[in-house]
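For reference, the structure discussed in these notes is given below.
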Amino acid sequence: MMGANKNNLEKLQILSLASRLSAMFVGLLQSFFLFRLFSVHDYGVVQIAVAVGSALGIYQHLGLASGSTREIAASKDKNEVFKIFITALSIRYIITFPLAIGLFHYAEYIALDKYNNAALILPLKIYALTLIVQGVQSMLNSVLSGTKRFNALFTYQVAIAVASLVLYLPLVHFYGINGYFYAMFAHNFLGSVALAFIALGPLRENLALPNFREFKYFFRELFTISLSIYLVKIIYTLWERSGTLILGLTISPEAVAVFSAAFLFSKKIIHISDAITDVNLPYLSEKYVNNIAEFQKAFSDNFNKVFVLILFIGVSAVFWSKQLVLLFASSKYSDALPLILPFMFTFIFYSYLNIIKSSILVPAKLVTQMIATFVILIGFGIGSYYGFLAFTDFSHVSSMTLGLLVGSTLALLFAIYAIYLRLKFKIFTHDHYLLIFQAFLIGASQNAFNNNFLYKVILYLLYVLLAVIGINATKFFTVSQAFLVYKKILAKFQSQKVGN
1 MMGANKNNLE KLQILSLASR LSAMFVGLLQ SFFLFRLFSV HDYGVVQIAV
51 AVGSALGIYQ HLGLASGSTR EIAASKDKNE VFKIFITALS IRYIITFPLA
101 IGLFHYAEYI ALDKYNNAAL ILPLKIYALT LIVQGVQSML NSVLSGTKRF
151 NALFTYQVAI AVASLVLYLP LVHFYGINGY FYAMFAHNFL GSVALAFIAL
201 GPLRENLALP NFREFKYFFR ELFTISLSIY LVKIIYTLWE RSGTLILGLT
251 ISPEAVAVFS AAFLFSKKII HISDAITDVN LPYLSEKYVN NIAEFQKAFS
301 DNFNKVFVLI LFIGVSAVFW SKQLVLLFAS SKYSDALPLI LPFMFTFIFY
351 SYLNIIKSSI LVPAKLVTQM IATFVILIGF GIGSYYGFLA FTDFSHVSSM
401 TLGLLVGSTL ALLFAIYAIY LRLKFKIFTH DHYLLIFQAF LIGASQNAFN
451 NNFLYKVILY LLYVLLAVIG INATKFFTVS QAFLVYKKIL AKFQSQKVGN
């Protein structure tokens with residue numbers, strides 16, 4: 001496969017980010033209506049069912065998506081691409097079918113014996129069926145990413161987000177909690193069919209199945225890195241869902257709903273890192289194999305810009321959190337506001353960790369370091385929750401919120417240190433830490449002038465000015481670079497206007 005230069009990488013990342021943010025906007029619009037259609041109690045029930053299904057469904061992944069992307073990116077021809085896809089898909093469904101059958105069979109036991117809530121039975125059974133149609137999607141995504149057909153991938157991401165909006169709203173309106181899961185099944189079925197046509201269409205002349213020798217070879221190559229990614233994926237999903245799963249056993253669905261609202265609001269920041277990793281994994285996997293020095297420079301130059309973008313957007317969301325929550329979730333979720341600052345930094349730190357994993361740990365095959373990082377993420381996250389409960393007067397919700405922050409902070413610091421020890425590659429400098437400290441101070445003032453919009457705008461503009469000064473001083477993204485980007489965008493817009 002042909003490699004991409006630095007300009008192509010940044011262009012693809014901008015396109016990826018644009019598609020992810022467009023999909024996120026549609027998702028926010030969907031959330032706006034869903035928060036109003038559901039009562040707080042029903043929303044809590046939905047989140048518990050989703051957490052149970054996700055925690056079980058993650059075991060089907062086997063790390064095959066990342067492993068397939070890596071292998072497809074390095075493949076020599078289209079015949080190999082399809083054979084890798086078939087090998088990965090065969091392994092996936094060996095695991096998916098037993099998981100789906102198990103969840104369907106034990107749905108009543110989980111709903112009644114574990115969560116004492118009969119409303120969970122049908123949603124869990126529908127989720128079991130969804131796992132079957134969902135299983136192929138990440139494999140098809142890996143075909144698009146590995147062959148660097150990013151335009152098709154980005155277009156699909158936006159289109160399927162719009163389809164989600166069209167499906168969820170009427171079904172939730174007419175069928176409530178169950179309608180949410182009817183929509184989930186329909187959305188995943190539609191997505192799998194559409195993605196199959198998009199991903200496999202260009203390969204229709206190369207649909208040769210692997211023979212037994214080829215199957216064994218691709219199986220071995222996929223699992224040189226995939227098993228560790230599988231373990232990491234399981235740990236991440238359990239960490240991500242641990243709050244809802246554990247709290248759902250001890251507190252009311254209403255309290256779970258408040259926790260989930262703050263969690264989901266803050267988690268939106270991950271769309272940025274996901275957009276970056278869609279491009280970075282295939283690009284930097286190839287770069288790492290061919291030129292280590294170029295790999296390190298390409299990562300550092302790119303990461304510093306993304307670091308600033310994530311931090312700026314995340315802290316801006318915290319500063320305007322009251323206005324945004326009231327707009328998208330209504331006053332029913334005002335109790336979620338104090339949770340947003342710690343949750344936002346939890347996901348800012350995880351976003352950095354996500355980029356480091358896909359850009360360095362996976363391409364460099366630092367398996368032990370990667371697993372240890374995610375063990376710290378969940379171990380200290382859940383351990384801190386029980387520690388806060390035992391030694392402080394914090395509530396269950398506050399303890400879980402702060403526990404997840406502790407886990408993501410320590411995991412990020414460990415990953416940075418482990419990479420430095422192994423590769424002598426310094427990812428963070430004192431400039432990064434100073435910008436994070438500045439951002440935290442800005443976020444901590446989120447309640448300032450909440451009752452006076454004009455004063456709040458003036459304060460925000462002052463913070464933006466201070467942030468620009470700080471970022472410019474670090475040289476991560478200078479004012480002159482910003483003007484250059486602006487000129488390029490303007491020139492492209494004008495050329496398209498002339499062409500039309």
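Quick note on our numbering: the sequence shown kicks off at 1 and runs consecutively. Even glycine gets a Cβ: it sits at the ideal position worked out from N, Cα and C. Values in this document were obtained by computation on a predicted structure and should not be read as measured data.
- Each residue's CA atom was taken as its position, placing residue 36 and residue 117 some 22 angstroms apart.
- With respect to the 8 angstroms criterion, residue 105 and residue 253 are not classified as neighbours on the basis of their beta carbons.
- Counting C-beta pairs closer than 8 angstroms gives three or more between the stretch 398-408 and the stretch 380-390, which meets the contact rule.
- Contact check for residue 27 against residue 194 fails: the beta carbons are separated by 8 angstroms or more.
- Of 190, 326 and 355, the smallest CA-CA separation from residue 272 is found for 355.
- For the set 464, 164, 325 and 58, the Cα lying nearest the Cα of residue 265 is the one of 325.
- Annotation for residue 440: no residue places its beta carbon closer than 6 angstroms to its own, counting only its chain and skipping 5 residues before and after.
- Distance check between residue 97 and each of 134, 86, 457 and 412 places 134 closest, using alpha-carbon atoms only.
- 8 angstroms or more divides the Cβ of residue 56 from the Cβ of residue 89.
- With the rule of 3 Cβ pairs closer than 8 angstroms, the stretch 448-455 does not count as touching the stretch 391-398.
- Leaving aside the five residues that flank residue 432 on each side, none in its chain has a CB nearer than 6 angstroms to its CB.
- Excluding sequence positions up to five before and after residue 47, its CB lies within less than 7 angstroms of the CB of 244, 256, 257 and 260, all in the same chain and listed in chain order.
- Residue range 337-356 is occupied by the alpha helix (DSSP H) that includes residue 353.
- The shortest C-alpha to C-alpha distance from residue 473 to any of 434, 448 and 446 is the one to 434.
- DSSP, reduced to helix, strand and coil, places residue 233 within a helical segment of the structure shown.
- In the same chain as residue 60, and ignoring 5 residues on each side of it, the C-beta atoms closer than 7 angstroms to its own belong to 92, 95, 96, 99, 131 and 135, in chain order.
- With the rule of 3 Cβ pairs closer than 8 angstroms, the stretch 305-323 counts as touching the stretch 342-353.
- By the C-beta criterion, the stretch 309-319 is judged not to be in contact with the stretch 228-242, since fewer than 3 inter-stretch pairs fall below 8 angstroms.
- Ranking 232, 311, 202 and 86 by CA distance to the CA of residue 215 puts 86 first.
- In terms of Cα proximity to residue 402, the closest of 50, 198, 342 and 414 is 342.
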